[in-house]
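Structure first, then comments.
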Amino acid sequence: MLQGNIDHQALAVALLLSLPGTPILRYGDEIGMGDDLNLPERLSVRTPMQWTQGGNAGFSSTTGELAAPLIDQGPFAHWIINVAAQLQAKESLYARVNALLRVRAGLPEIANQPMRLVRVDHPAVFAIAYGEQVNVLMVANLGGTRAKVTLAHQGLKPIMADAEYAEYAEYAESGHASQELNPYGYRWFKRVQGGSDQ
1 MLQGNIDHQA LAVALLLSLP GTPILRYGDE IGMGDDLNLP ERLSVRTPMQ WTQGGNAGFS
61 STTGELAAPL IDQGPFAHWI INVAAQLQAK ESLYARVNAL LRVRAGLPEI ANQPMRLVRV
121 DHPAVFAIAY GEQVNVLMVA NLGGTRAKVT LAHQGLKPIM ADAEYAEYAE YAESGHASQE
181 LNPYGYRWFK RVQGGSDQ
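Sequential numbering from 1 applies to the sequence shown in UniProt numbering.
Take a look at the structure:
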């Protein structure tokens, strides 16, 4: 999935979770598990979940043949991509997806406030807002290079990001602030109590 680029994979999940509706992740998406395109038809996406790097990827204790073959070669092999390894890594895709899901669960605005796309001054940056007064703002850099964008919403504080970022630059008189995003980076913001919009 996305050539195994963890930043790109996390961005895909962040985008999915920023959209209205019920987000659906298929098993293995949270660890970046690949598919076996050598298998016929839908079997290619029905390989066993990769729990560990051990026998049968921790999916089954059988000594016989599994109903579907494991991914045991290439960059998505079960000894490389598995839940156990990612639980040990602080910056794993699993850790990032888990953090995104926890923050998303605390954003009822996505379900009950109007959504609109926000025009920004960089062609690779996607921005979406919820609420007439912009109560939640989600910004994503769809490009593979850093992107600087100007945001025009005061009263928002960052609640989720792909990495540690410096806080907003000082607001100019216009009420705009510059923000730089990493390649495939994302930031989510939420209105602070009593914050006003400009």
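Glycine included, each C-beta is placed from N, C-alpha and C at the ideal position.
Item                                                                                                                                                      : Value
Can you pull the DSSP bridge partners for residue 157?                                                                                                    : 190
Evaluate the contact criterion for the segment 174 to 192 versus the segment 147 to 159: three or more CB pairs, one atom per stretch, below 8 angstroms. : yes
Using beta-carbon positions only, say whether residue 117 and residue 128 come within less than 8 angstroms of one another.                               : yes
Have a look at residue 147 and residue 56 and give me their C-alpha separation to the nearest angstrom.                                                   : 43 angstroms
Do residue 125 and residue 105 come within 8 angstroms of each other at the CB atom, strictly closer than that value?                                     : no
Report yes if the C-beta distance between residue 163 and residue 135 is below 8 angstroms; otherwise report no.                                          : no
Roughly how many whole angstroms lie between the Cα atoms of residue 170 and residue 161?                                                                 : In this predicted model, residue 170 has a pLDDT of only 45, less than 50, meaning its place in the structure is not dependable enough to derive any value.
If I follow the unbroken alpha helix (DSSP H) through residue 104, where does it start and stop?                                                          : 93 to 105
Is the Cβ-Cβ distance between residue 36 and residue 69 less than 8 angstroms?                                                                            : yes
Quick one: what does DSSP say residue 235 is sitting in, helix, strand or coil?                                                                           : Outside the shown range of the chain, which is 1 to 198, sits residue 235, and nothing can be said about it.
Taking the alpha-carbon of residue 16 as reference, which of 4, 3 and 30 has the nearest alpha-carbon?                                                    : 30
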